[in-house]
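Enquirer:
Chains as they are written, first to last, in this note's numbering: chain A, 4 to 349; chain B, 4 to 349; chain C, 4 to 349; chain D, 4 to 349.
Structure representation (structure tokens):
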């Protein structure tokens with residue numbers, strides 16, 4: 004029985020991890036940590052879990068919890084974990100971190116985009132950036148897994164094979180992505196009230212969004228050279244879902260079959276990455292509630308561009324279910340254990 | 004391995020049954036019947052099921068299918084099944100019907116409210132009205148299960164114990180219910196377009212809605228006398244969910260504990276019926292995607308009324324998952340097999 | 004030129020009053036008061052008004068403002084105005100209050116339902132409860148207008164003629180009402196986040212909602228005796244709109260024409276109250292953005308009940324546009340000046 | 004009194020024109036044409052207009068109507084008008100066409116993108132493409148006004164000044180646009196049902212959307228050379244709104260002030276085009292229900308790109324209110340007559 008702690012368990016991502024682990028084989032949730040709700044019954048905060056989770060929230064510290072669990076999921080604000088984590092803690096338990104604290108290898112890049120000092124840069128080397136399908140082998144033994152962001156998982160997976168094969172020009176990517184509102188978290192902010200986001204759409208974080216360097220870093224590994232791209236996120240009125248539309252200049256003349264063959268080379272054995280039939284565009288509803296990523300593409304001979312499209316559920320493959328997928332790899336479970344839900348529509 | 008056919012498999016309820024049976028133990032979906040989409044790949048119609056269901060839709064008839072399957076789910080329009088079903092078919096396979104054709108015992112009542120002749124009234128006697136928690140024992144051996152409607156399941160379960168115990172006055176029930184739009188089905192009607200139902204609310208079927216006699220019949224069995232009530236359904240802009248608010252005159256002086264004790268008497272051992280903590284009101288989101296029914300109540304000493312509230316997912320406990328729950332009882336599976344999903348929020 | 008101040012101008016109701024008065028004849032907005040946003044440009048808070056309102060928010064007090072304006076709209080929390088208002092202020096300017104502070108004549112009832120002491124009960128006598136169509140004559144000269152609530156305006160207008168004519172039994176009214184989320188205001192509360200209210204429905208304030216005594220008081224005036232009723236509000240995922248569904252026992256045998264005649268007697272000359280064609284049910288979208296109230300009804304011979312339905316826009320006829328309608332009456336404008344917008348769909 | 008006919012009056016754009024013209028000075032709606040609803044009361048189809056429009060729908064032909072009106076608005080499917088319109092009709096009345104039939108000067112381009120033959124190419128020369136702010140002078144005397152599309156109005160106005168001034172590289176534009184569902188019209192299609200589009204986002208018409216050549220043609224006029232661009236529209240779950248996000252390579256080094264100065268040169272006197280304050284991004288809600296276009300931009304020094312953003316209401320400035328704006332210019336009304344509604348939130 005693997006003993007698990009979840010810090011930040013009352014945010015949307017943390018709660019989603021809890022929900023997924025309830026039904027998970029050989030897994031025991033030992034701690035549901037929430038500073039704001041310490042002492043309250045978890046089922047009173049997430050009433051969907053009434054009579055399902057009967058634990059209270061705790062405010063035990065990372066350090067105190069480490070010796071009593073096998074793994075800790077941290078669904079905490081940027082900066083929290085890098086301020087608390089030590090080698091000593093990692094000697095006692097493994098960490099799956101939902102924040103960006105160990106996602107970016109270059110401390111200077113982290114500090115520039117996040118506007119804060121990094122307090123444990125010595126741990127960055129052993130952190131593995133957990134895009135499961137890309138780096139599965141390195142996940143097995145890691146003690147510190149940096150779980151990828153929602154926009155990034157979607158944007159990277161849709162472009163990865165073509166970047167790797169140099170089918171698209173290195174710096175030509177324009178990524179426009181749409182996000183559901185749950186990506187903004189559960190904090191009480193006017194900007195996220197129903198009456199402020201419903202029936203409206205907007206871009207935000209234009210030229211400054213923190214997922215930019217994360218996407219660039221991973222695609223640079225794929226390409227083999229430093230990649231620069233334009234990333235523009237948008238907020239649209241739905242609960243869940245990321246849709247990334249990526250426009251790139253093709254590096255040569257390619258037709259549908261050429262591109263399909265490349266995608267198949269990388270993804271045909273991946274259960275959770277579905278490359279759609281010809282000319283179909285992904286829709287976020289078709290992956291909602293699941294660990295799937297749907298990918299479609301279209302070549303425009305008129306412009307010489309390819310338009311890549313990826314869709315995933317930001318709280319699932321974009322956060323919690325990819326975290327559990329990584330947990331499965333780390334602890335030797337079947338990779339789909341506990342996360343093989345079928346997308347539910349409507 | 005139980006062999007299953009689904010007629011009407013491309014409507015929302017039929018597709019939900021398909022989705023639930025994919026992961027179901029010892030169950031094989033033999034036929035996905037759809038007249039409109041015969042010959043098309045099911046995954047092209049429900050693209051959430053891409054690479055999950057790889058069958059085509061068929062237009063095989065009920066009669067031809069009967070000998071090759073153990074059970075047929077009929078998610079078909081009112082009147083279809085009663086026009087097709089025969090004793091001969093029932094000798095070959097069992098039927099779980101999502102329509103109202105065998106829900107009402109009195110043919111005259113059926114014909115009045117549904118405005119059509121009943122062509123197989125001789126089968127009404129053996130039909131069991133499948134509110135699982137209420138008539139579990141009679142479901143085991145039935146060959147013809149009339150699966151309850153969404154409004155009715157919710158309205159009946161919230162009032163059943165109090166009607167049975169004569170705690171509320173017989174004819175005092177005023178049931179106001181809200182429904183998500185999926186209850187209106189997948190037909191291409193202007194009235195159900197996004198731009199016609201979003202951002203609006205309305206009552207409909209006032210004084211004439213067909214679920215009225217269904218609720219009355221079942222509550223009459225509970226009360227032991229004929230019950231008359233006022234049922235007013237409303238459409239609200241959400242995908243899924245039924246919320247029933249039932250106002251009734253208390254037959255005497257009761258306090259919270261009295262009522263709670265009665266609810267517990269009937270439901271405390273029922274996994275899928277959750278009577279909420281004191282003063283909490285059910286919300287449809289807390290049961291979405293699950294087989295749960297949440298029930299709350301509040302006594303108003305000022306008026307002498309009790310306000311009962313029930314919430315369920317109209318496509319799950321209000322249709323498909325209750326059908327699978329009944330399937331489980333009929334075929335000796337664990338009652339929660341394939342339907343123990345945890346409600347997902349947001 | 005009438006000089007106007009708005010206190011609480013950055014809440015949804017206050018902002019709506021500002022929007023309506025911008026285009027209003029012979030009206031000058033002198034003060035936009037907001038404690039939270041004092042000193043900020045109003046167009047930065049309500050960016051729909053960019054380049055339309057070029058004033059800053061102020062935090063001038065009620066008392067200091069009184070001498071420089073002709074009328075003050077107070078869109079303030081319960082309890083604010085009754086704690087600040089004095090005869091001296093009323094000698095200087097007139098007040099149109101959006102809160103409940105002067106709506107209920109009986110101080111004891113106010114204090115019981117609102118759980119606070121009333122600090123200016125001596126002003127209650129001169130306050131006029133501003134249901135424009137019902138008490139138009141008394142509005143002309145009042146100095147203190149208590150603008151009705153959203154649920155109440157809708158619930159009262161739909162039942163008023165039948166109560167007045169004793170067509171329905173005095174204490175038989177069961178009012179179930181649905182509200183859009185803007186009714187909950189613009190405060191930063193988790194409960195009103197998009198991800199908490201979208202795709203869900205719930206009842207709230209069951210047996211305890213403060214609009215109950217307000218509806219009862221006005222219908223008591225209509226009936227001529229004290230009326231008791233059950234009022235149950237619900238929250239549904241839309242921006243605007245109140246839909247009230249009222250079930251009442253008819254006091255005798257009435258047919259459609261009887262009831263229609265009564266409604267016509269009271270409302271046929273009222274532009275803003277539309278009694279729908281036979282058997283049509285009001286929908287909130289058909290009044291959105293306007294000052295209209297739509298009313299429909301249906302008699303159920305089976306139960307002896309009548310079901311009354313009313314729909315309005317909670318921020319318009321349920322708040323701001325009724326306030327401006329009253330302002331028009333008070334200051335001798337045409338009653339529809341500035342509020343004759345046509346409902347906009349979709 | 005200008006006499007007006009509206010053909011296609013029961014679609015969303017046609018109904019919006021009707022709504023705007025009800026309150027319009029010196030304007031009489033003579034005909035509300037709808038083949039599907041001929042003979043029915045308009046207020047029964049658009050119940051928001053109950054007791055406001057008391058005309059019936061007619062099926063009078065374009066030809067028969069021409070002699071009795073001064074202007075006809077055609078909110079008809081692509082291909083209708085170019086098949087019916089003649090010089091003879093234009094001698095009798097003026098036409099404001101909402102379709103694409105006379106928007107594209109090159110018949111070959113029209114026929115390629117629309118897949119149909121053009122039957123009146125001889126009229127293309129006198130047609131004026133009605134982006135009011137750009138070609139105001141030429142609108143005054145035109146008899147045939149081609150009203151621009153929703154995506155195109157938004158995409159062109161956001162990029163026009165910079166293209167005109169060669170500040171961005173000619174073929175570098177990547178336009179990603181989001182549309183509300185009303186853009187898909189009022190036809191009864193499964194794809195536009197609430198349960199199919201709510202809570203989801205998708206791209207569509209990728210590399211093939213018909214607004215592409217329309218945007219390219221107008222921006223080519225601005226640039227002075229043929230412009231090629233990538234246009235990718237998306238559907239998001241809201242009623243109204245277009246948000247265009249346009250990424251372009253800057254042709255040199257420009258800072259905020261440089262760009263702002265250029266926008267001001269073209270738009271500072273335009274009431275309905277609002278260039279936002281520095282770093283603000285437009286949101287569709289801030290223009291909903293109005294004729295405004297909001298424009299924002301951001302320079303990314305890291306990539307050398309500028310990101311332009313435009314927002315408008317697709318049924319208003321993207322269709323009906325721009326049509327009325329053009330009507331105002333054509334008939335000598337104040338340009339804002341009947342369309343100066345203030346955007347309404349929430």
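Where is the CB? At the ideal position from N, CA and C, for every residue including glycine.
Give a yes or no on whether 7 angstroms exceeds the smallest Cβ distance from residue 319 of chain B to chain A.
Expert: Judged by the 7 angstroms Cβ criterion, residue 319 of chain B is not in contact with chain A.
Enquirer: If you draw a straight line from the alpha carbon of residue 178 of chain D to that of residue 115 of chain D, how long is it in whole angstroms?
Expert: The alpha-carbon atoms of residue 178 of chain D and residue 115 of chain D are separated by roughly 21 angstroms.
Enquirer: Give the range of the beta strand (DSSP E) segment to which residue 97 of chain D is assigned.
Expert: From DSSP, the beta strand (DSSP E) with residue 97 of chain D extends over 97 to 100.
Enquirer: Give the straight-line distance between the Cα atoms of residue 276 of chain D and residue 294 of chain D, rounded to the nearest whole angstrom.
Expert: Rounded to whole angstroms, residue 276 of chain D to residue 294 of chain D spans 9 angstroms at the Cα level.
Enquirer: For residue 273 of chain C, tell me which candidate among C:46, C:138, C:245 has the shortest Cα-Cα distance.
Expert: Checking every option, the nearest Cα to that of residue 273 of chain C belongs to C:138.
Enquirer: What's the gap between the Cα of residue 93 of chain D and the Cα of residue 203 of chain B?
Expert: Approximately 42 angstroms between the Cα atoms of the pair.
Enquirer: Would you decide whether residue 337 of chain D is buried or exposed? Buried here means 16 or more other CB atoms lie within 10 Å of its CB.
Expert: Label assigned to residue 337 of chain D: exposed.
Enquirer: Could you check what DSSP says for residue 245 of chain A in three-state terms: helix, strand or coil?
Expert: Strand at residue 245 of chain A.
Enquirer: With distance defined between alpha-carbon atoms, name the residue in B:321, B:301, B:252, B:319 nearest to residue 307 of chain B.
Expert: Looking at the Cα atoms, B:252 is the closest of the given residues.
Enquirer: Taking the Cβ atom as the reference point for each residue, do residue 191 of chain B and residue 296 of chain D lie within a distance shorter than 7 angstroms?
Expert: It is not a contact, given that the beta carbons lie outside the stated cut-off.
Enquirer: Please work out which residues of its chain come closer than 7 angstroms, Cβ to Cβ, to residue 84 of chain A, disregarding the five sequence neighbours upstream and downstream, and give them in chain order.
Expert: 77, 100, 102, 104, listed in sequence order.
Enquirer: Buried or exposed for residue 215 of chain A, going by 16 or more other Cβ atoms inside 10 Å?
Expert: Per the 10 Å Cβ criterion, buried.
Enquirer: Just how far apart, CA to CA, sit residue 289 of chain D and residue 12 of chain D?
Expert: Cα-Cα distance, rounded: 27 angstroms.
Enquirer: Just confirm the distance between the C-beta atoms of residue 142 of chain C and residue 133 of chain C, as a whole number of angstroms; I'd bet it's less than 8 angstroms.
Expert: That pair is a contact at about 6 angstroms.
Enquirer: List the endpoints of the continuous beta strand (DSSP E) containing residue 313 of chain A.
Expert: From DSSP, the beta strand (DSSP E) with residue 313 of chain A extends over 308 to 315.
Enquirer: With a CB to CB cut of under 7 angstroms and the five nearest residues on each side skipped, what residues in its chain are close to residue 35 of chain D?
Expert: Answer for residue 35 of chain D: 9, 12, 21, 45, 58, 60, 61, listed in chain order.
Enquirer: So, helix, strand or coil for residue 301 of chain D, using DSSP?
Expert: In this structure, residue 301 of chain D counts as strand in the three-state DSSP scheme.
Enquirer: Could you tell me if residue 119 of chain A is buried or exposed, where buried requires 16 or more neighbouring beta carbons within 10 angstroms of its beta carbon?
Expert: By the neighbour-count rule (16 or more Cβ atoms within 10 Å), residue 119 of chain A is not buried but exposed.
Enquirer: Rounded to a whole number of angstroms, what is the C-alpha to C-alpha distance between residue 331 of chain C and residue 343 of chain C?
Expert: Using only the alpha carbons, I get a separation of about 12 angstroms.
Enquirer: Any chance the CB of residue 261 of chain A is under 6 angstroms from a heavy atom of the ligand ADP?
Expert: Absence of the ligand ADP is noted for the structure shown, with no ligands found whatsoever.
Enquirer: Could you please give the first and the last residue of the uninterrupted alpha helix (DSSP H) stretch that includes residue 223 of chain D?
Expert: From DSSP, the alpha helix (DSSP H) with residue 223 of chain D extends over 214 to 226.
Enquirer: When you compare only the Cα positions, how much space is there between residue 145 of chain C and residue 301 of chain C?
Expert: Distance between the alpha carbons of residue 145 of chain C and residue 301 of chain C is about 37 angstroms.
Enquirer: Count the C-beta pairs between the segment 167 to 187 of chain C and the segment 256 to 272 of chain B that are closer than 8 angstroms, then say yes if the count reaches three, no if not.
Expert: Flag = no, the segment 167 to 187 of chain C and the segment 256 to 272 of chain B do not touch.
Enquirer: Using a Cβ-Cβ cut-off of 7 angstroms, state whether residue 266 of chain C counts as contacting chain D.
Expert: Output row for residue 266 of chain C: interface = no.
Enquirer: Buried or exposed for residue 4 of chain C, please, with buried defined as at least 16 other CB atoms from any protein chain shown within 10 angstroms of its CB.
Expert: It counts as exposed.
Enquirer: Closest by CA to residue 346 of chain D, which one among C:25, C:7, C:254?
Expert: When only C-alpha atoms are compared, the closest one is C:25.
Enquirer: Does the Cβ-Cβ distance between residue 184 of chain D and residue 197 of chain B come in under 7 angstroms?
Expert: Closer than 7 angstroms, so yes.
Enquirer: Nearest by alpha-carbon distance to residue 315 of chain A: which of A:221, A:131, A:186 is it?
Expert: The residue with the shortest Cα to Cα distance from residue 315 of chain A is A:186.
Enquirer: Verify whether the separation of the beta carbon atoms of residue 245 of chain A and residue 317 of chain A is less than 7 angstroms.
Expert: Contact: yes.
Enquirer: Please compile the residues from chain D whose C-beta is within a distance smaller than 8 angstroms of the C-beta of residue 158 of chain A.
Expert: Near residue 158 of chain A there are no residues of chain D at all, since even the closest Cβ is about 14 angstroms away, more than 8 angstroms.
Enquirer: Ordered along the chain, which non-local residues of its own chain (more than five positions away) have a Cβ less than 6 angstroms from that of residue 174 of chain D?
Expert: The residues are 231.
Enquirer: Mark residue 70 of chain C as exposed unless 16 or more other C-beta atoms lie within 10 angstroms of its C-beta, in which case mark it buried.
Expert: Result: exposed.
Enquirer: So the alpha helix (DSSP H) residue 236 of chain C belongs to, where does it begin and stop?
Expert: Looking at the DSSP string, residue 236 of chain C is not in any alpha helix (DSSP H); the run it does join, the beta strand (DSSP E), is 233 to 238.
Enquirer: Sort B:335, B:339, B:325 by Cα distance to residue 17 of chain B and report the nearest one.
Expert: Residue B:325 is the option with its Cα nearest to residue 17 of chain B.
Enquirer: By the 10 Å Cβ neighbour count, where 16 or more other Cβ atoms means buried, how is residue 329 of chain A classified, buried or exposed?
Expert: Classification for residue 329 of chain A: buried.
Enquirer: Is residue 76 of chain C helix, strand or coil by DSSP?
Expert: Residue 76 of chain C: strand per DSSP, three-state reduction.
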